[in-house]
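Take the sequence shown: its letters are residues 1 to 355, numbered as in the UniProt record's numbering.
Even glycine gets a Cβ: it sits at the ideal position worked out from N, Cα and C.
Just so you know, these numbers come straight off a predicted model, no measurement behind them.
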Amino acid sequence: MSSDSVKNFSSLETPGYVGFANLPNQVHRKSVKKGFEFTLMVVGESGLGKSTLVNALFLTDLYPERQVPDAIEKMKQTVKLEPSTVEIEERGVKLRLTVVDTPGYGDAIDNTDCFSEIIRYIDDQFERFLRDESGLNRKNIMDNRIHCCFYFISPFGHGLKPLDVEFMKQLHNKVNIVPVIAKADVLTKKEMQRLKKKVMDEIQEHGIRIYSLPECDSDEDEEYKEQVRQLKQAVPFAVCGANTLLEVRGRKVRGRLYPWGVVEVENPDHCDFIKLRTMLITHMQDLQEITQQVHYENYRSEHLARGGVPKRNTIGDDKGAATSDKDRILLEKEAELKRMQEMIAAMQAKMHQQQ
Ligand code: GDP
């Protein structure tokens, strides 16, 4: 599949459900009509199982034509950003999912430049959205902003590597980072608990802000509260991926076959795969809202400040919704005017040259 192409998969063609058809009712109704758009970025050193996990999560083959480079090529290559889009339909609800892979991340000998491509890509999507939002066709904007970033941590180290710390620190203001420990099956339960604690301690120590699940309202039902509590406890999610279906005691399961037994991807006693998927599906809307209200607004106010327009206090600004709405419209008009002035200036310069 070419990187930007779109494929259609219906739940009838793939066994099992991803589960987004169970999105909260309100979102569900909207999604039925319009379809749900979501963009996920996966970052981590190659070989940590990113593609395997993504394919297993969404029950699709997102990378049918993928070529794995050898070690020499890897050392030379820089980070490439590869978006693949699939449309999945479940019980009449459409999800247009884009997964942005980052092959080459962490592969070079000197990885200092690893983040610039990724930052540029995220900013470009914000920029495109900002432009579309202040344009004439505001109703049909395609949202390609990155709503969530799975950051893969190696299970073979003793915690975070300097590269992991640096990446998360540079990106935590731009995207919702969800840390995951890859290849959970290579560690014992005890080792995994130790690694999880170490990673969380280091995240705190370095002041890294990862995505945090929203607090439950007091009127939420107990089952949901318990689910959120368990999800919070599981961070960083220890995951395991596989795309083969094996038979275990008469059941077909997605798993990895070892001489001593099968590691079942979807068994909560074996790894946090189901928890990660539940987190993503049940909090898709929250991930989108935080992207819009926090990360995008940060980008927008910085962008407008750079363009000479007064910086607007965006997050937690409760001085009156009416004022902020007026502000927003004014700022948009100003941005539009500025763009038009630039266009006229460019046209005048061109005419001048031709004369
Ligand atoms: P990527 O480069 O990060 O996209 O990694 P791949 O998905 O291509 O996986 C690299 C290798 O690791 C492949 O041989 C996979 O079969 C294997 N692999 C993927 N997920 C897991 C896992 O959860 N546990 C183990 N032990 N191996 C895995």
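Leaving out five residues on either side along the sequence, give the residues of the same chain with a beta carbon under 8 Å from the beta carbon of residue i.
| i | result |
| --- | --- |
| A335 | L130, S134, L304, G307, V309 |
| K275 | Q230, L231, A234, F237, P268 |
| V165 | E202, H206, I208 |
| D132 | R138, I141, M142 |
| D221 | none |
| M347 | none |
So residue i packs on residue j, CB below 8 Å; how close in whole Å?
| i | j | result |
| --- | --- | --- |
| L280 | C148 | 7 Å |
| V99 | L40 | 5 Å |
| K80 | G44 | Rounded, the Cβ-Cβ distance is 14 Å, inconsistent with contact. |
With burial defined as no fewer than 16 other Cβ atoms inside 10 Å of the residue's Cβ, what is the status of residue i: buried or exposed?
| i | result |
| --- | --- |
| L95 | buried |
| I344 | exposed |
| S116 | exposed |
| A84 | Before going further, note that residue 84 is Ser rather than Ala in the sequence given. Answer is buried; the Cβ neighbour count reaches 16. |
| T102 | buried |
| K252 | exposed |
| H295 | buried |
| D217 | exposed |
| P179 | buried |
| K196 | buried |
| E90 | buried |
| M168 | buried |
| K190 | exposed |
| D124 | exposed |
| H270 | buried |
| L59 | buried |
| D330 | According to the sequence displayed, residue 330 carries Leu and not Asp. L330 should be labelled exposed. |
| D272 | buried |
| N352 | In the sequence on display, residue 352 carries His and not Asn. With fewer than 16 Cβ atoms within 10 Å of its Cβ, H352 is classed as exposed. |
| E13 | Residue placement at E13 cannot be trusted, given a pLDDT of 32 that sits under 50; the coordinates are not used to answer. |
| M340 | exposed |
| K350 | exposed |
Below 7 Å CB to CB, which residues in the same chain sit around residue i once its five sequence neighbours on both sides are set aside?
| i | result |
| --- | --- |
| I122 | I146, K174, V175 |
| W160 | One detail in the question is off: residue 160 reads as Leu in this sequence, not Trp. Correct list, in chain order: I153, V199, E202. |
| I177 | C149, Y151, M168, L171, I210, Y211 |
| R300 | L130 |
| V228 | L213, C216 |
| V263 | D185, C240, G255, R256, H270 |
Mind checking whether residue i and residue j have CB atoms under 8 Å apart?
| i | j | result |
| --- | --- | --- |
| L246 | L257 | yes |
| T291 | L231 | no |
| L287 | Y211 | yes |
| residue 412 | A184 | Shown here, the chain extends from 1 to 355; a query on residue 412 therefore has no answer. |
| L97 | V239 | no |
| V265 | R249 | no |
| F126 | V42 | no |
| Q170 | I88 | no |
| I208 | H158 | no |
| L187 | P214 | no |
| G241 | A56 | yes |
Suppose the cutoff is 6 Å on Cβ atoms and the five residues either side in sequence are ignored; what does the same chain contact list for residue i look like?
| i | result |
| --- | --- |
| L163 | G106, N111 |
| D143 | E37 |
Would you say the beta carbon of residue i comes nearer than 7 Å to a heavy atom of the ligand ATP?
| i | result |
| --- | --- |
| G207 | Of the ligands one can find in the structure shown, namely the ligand GDP, none is the ligand ATP. |
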